[in-house]
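This report refers to the structure that appears directly beneath it.
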Amino acid sequence: MNAKPIRQQFADTMLEVGKEDEGLVVMVGDISHFALQPFAKACPGRYYNIGICEPSMMSMAAGVSKSGLVPVVHTIAPFLLERSYEQIKLDFCYHKLPGNIVTVGSAFDYANLGCTHHCYGDFAMLKTLQNQEICYPSTAQEFDLLFRQVYRSPKVTIYRIPSKSHSITWDPNKLDFGCGINVVAGKDLTIIATGPQLENAMRARDILQSQGWSPEVIYIHTIWPLDNELIYDSVSRTKNCIVIEEHMQSGGLGSEVLQVIHPIDGMRFHSLSIPNEFIHSYGGYEEQCKRLDLTAEGIVKRVNREFRNASAAV
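In the working numbering, the protein residues as written are 337 to 650.
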């Protein structure tokens, strides 16, 4: 089980890497301040709480990068990505500067706080930029391993860390940035999941298997660049593909997967994601997932509705 919260692992990883690499500089927007105090004490002069002025913080981080250091910028997703989009575009990407952007509160993780704290279009907006890469580490182990692999990448690396983890632990030798994971092999259905929805994908697989399906489950932790070869190979065999993600339908993982697999003859595809509209309903994270069918039962319902007549196995 992945018991450690990912945000705590973020702080622990900053401390460990910061001790090893004197170029690492952490900048936060009035969040995770107490969790990062061990880093601040161990790495004096390399921790800054800039406060709630995210665009300025992003420009400052670009200056840190320009000086040859390695910035890590961290706060809540809508403020760090949407409010600071211009600075990411012009200060980092236009000048081809490297850096690390670590967000929390993506999608509807902060569901109770309403639309001001929602961010379900981040993949779509970020993919329009050049010189960037996006990952979605959804356990403490994933964040630690992926960050260490790419934090000195020549690109801007965005890490979307959720509030909820899935429960699967990987062989560290098989967790590589840019490479998806074939979790379970199957014959007539490909379930592609990202983020904590892997948990529901695995539960749905068990239910679907009892109904006569043979589902293959693929886990995607790197959104961009996408592991096209793994996805194409799976769907070319199964012919049926459903993508589960906590992102709006337009521009998310589903959109990218469809671009990869659309040449496959006889392929059927369905995206289980957030509709292209604001979430106005009340409720916490679990309640929103249930309303949006982002549950194991929701996956099973959609598979049988979309693909039941297409499967040769049933």
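Glycine included, each C-beta is placed from N, C-alpha and C at the ideal position.
Specify, as a first and last residue, the run of the beta strand (DSSP E) that residue i falls within.
i    : result
A540 : That residue, A540, is in no beta strand (DSSP E); its alpha helix (DSSP H) goes 534-546.
F605 : 604-610
T558 : 558-560
P551 : 551-555
I494 : 492-496
Buried or exposed: where does residue i fall if 16 or more other Cβ atoms within 10 Å of its Cβ makes it buried?
i    : result
Y621 : buried
Q468 : buried
I610 : buried
Y456 : buried
T452 : exposed
A649 : The predicted model places A649 with a pLDDT of 40, which falls under 50 and marks its position as unreliable; any figure quoted below should be read in that light. Exposed, since its Cβ has fewer than 16 Cβ neighbours within 10 Å.
P599 : exposed
Q547 : exposed
A447 : buried
F614 : exposed
L544 : buried
H616 : exposed
H431 : exposed
When DSSP labels each residue in this structure, what does residue i get in the three-state scheme?
i    : result
R573 : helix
Y618 : coil
P508 : helix
E469 : strand
Y568 : helix
E592 : helix
K523 : coil
E623 : helix
I597 : helix
A648 : Summary for A648: the model assigns pLDDT 42, below 50, so the residue's position carries little reliability; its value from the coordinates is reported in the next sentence. Coil.
At which residues does the alpha helix (DSSP H) containing residue i begin and terminate?
i    : result
E642 : 632-643
R484 : 476-486
F459 : 458-462
For a test of your reading of the model: does the CB of residue i fall under 7 Å from any non-hydrogen atom of the ligand MN? Yes or no.
i    : result
A397 : In terms of ligand content, the structure shown is empty, and the ligand MN therefore cannot be addressed.
Checklist line | Runs of alpha helix (DSSP H) wholly within the segment 337-396 (minimum 4 residues, chain order) | finding: 342-356, 373-378
Check: How about the segment 410-420 and the segment 548-555: do they share at least three Cβ pairs that are nearer than 8 Å?
Finding: no
Checklist line | Uninterrupted beta strand (DSSP E) stretches inside the segment 413-454 (no shorter than 3 residues) | finding: Restricting attention to beta strand (DSSP E) runs no shorter than 3 residues, the segment 413-454 encloses them at 435-440, ordered along the chain.
Notebook entry, point to check: Three or more C-beta pairs closer than 8 Å, one from the segment 378-395 and one from the segment 355-368: is that the case here?
Noted result: yes
Note to self: Tell me whether the segment 565-573 and the segment 530-538 touch, counting them as touching only if at least three CB pairs, one residue from each stretch, are closer than 8 Å.
What the structure shows: no
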